[in-house]
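Quick note on numbering: the sequence shown equals residues 269 to 408 in our numbering. Even glycine gets a Cβ: it sits at the ideal position worked out from N, Cα and C.
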Amino acid sequence: MLVFAFATAVILAGYYVLSPLFRESEGSLEAELWTETDLDRLLDRKTIIYGNLRDLEFEYKMGRLSEADFAGLGAGYKTEAAAILQQLDRLGAEGNLDETTGREVSGRKLPAAARCPSCGAEVIAGKKFCADCGHGLQRS
Ligand SMILES: [Zn+2]
């Protein structure tokens with residue numbers, strides 16, 4: 269009986285501590301889902317194309333591909349990779365816009381391509397200070 273009461277207290281305490289986190293994420297859930305699936309899709313395609321490029325290079329080095337084929341296919345993959353990187357950049361820029369509007373999205377990690385608001389250098393997600401200029405990144 270005592271054990272049961274203790275377990276209930278622990279569960280209630282845990283719920284009380286965690287529930288604000290669940291509530292806060294609800295508001296931007298739809299937007300985040302969209303961004304994440306879009307981002308995931310791009311990252312998946314990027315991985316596939318880089319894999320294809322590696323395979324292509326391998327095939328060429330093994331002599332199973334003519335130089336013309338290698339150049340033609342490689343150019344196609346590189347064009348697609350560039351387009352994907354551009355879209356990834358755009359998604360990163362949109363993430364930064366959200367931050368400059370001051371919309372509170374606590375608990376959300378910085379976008380992969382976050383930039384320092386002071387000097388514009390790329391900053392590593394989760395860092396508190398810019399590695400280039402030492403500007404505080406206002407995340408805790
Ligand atoms: Zn900076």
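With a threshold of 16 other beta carbon atoms within 10 Å, I392 falls short and is exposed.
Remark: C-beta atoms of Y345 and F338 do not approach each other more closely than 8 Å. Cα atoms of T315 and Q355: separation of roughly 14 Å, rounded to the nearest angstrom. For the 8 Å CB-CB criterion, G404 and K396 form a contact. The C-alpha of I352 is placed about 25 Å away from the C-alpha of E335. At the C-beta level, G342 and L321 come within 8 Å of one another. Distances between the C-beta of D400 and the heavy atoms of ligand 1 include at least one below 7 Å.
Placement of the Cβ of A389 at a distance of less than 7 Å from at least one heavy atom of ligand 1 is found. Of all alpha-carbon atoms in G394, E304 and I317, the one lying nearest the alpha-carbon of A350 is that of I317. Here L359 is not near L311, since their CB atoms are 8 Å or more apart. A direct Cα-Cα distance of roughly 14 Å separates A389 from D357. The three-state reading of DSSP puts G404 in strand, counting E and B together.
Collapsing the DSSP output to three states places R309 in a helix.
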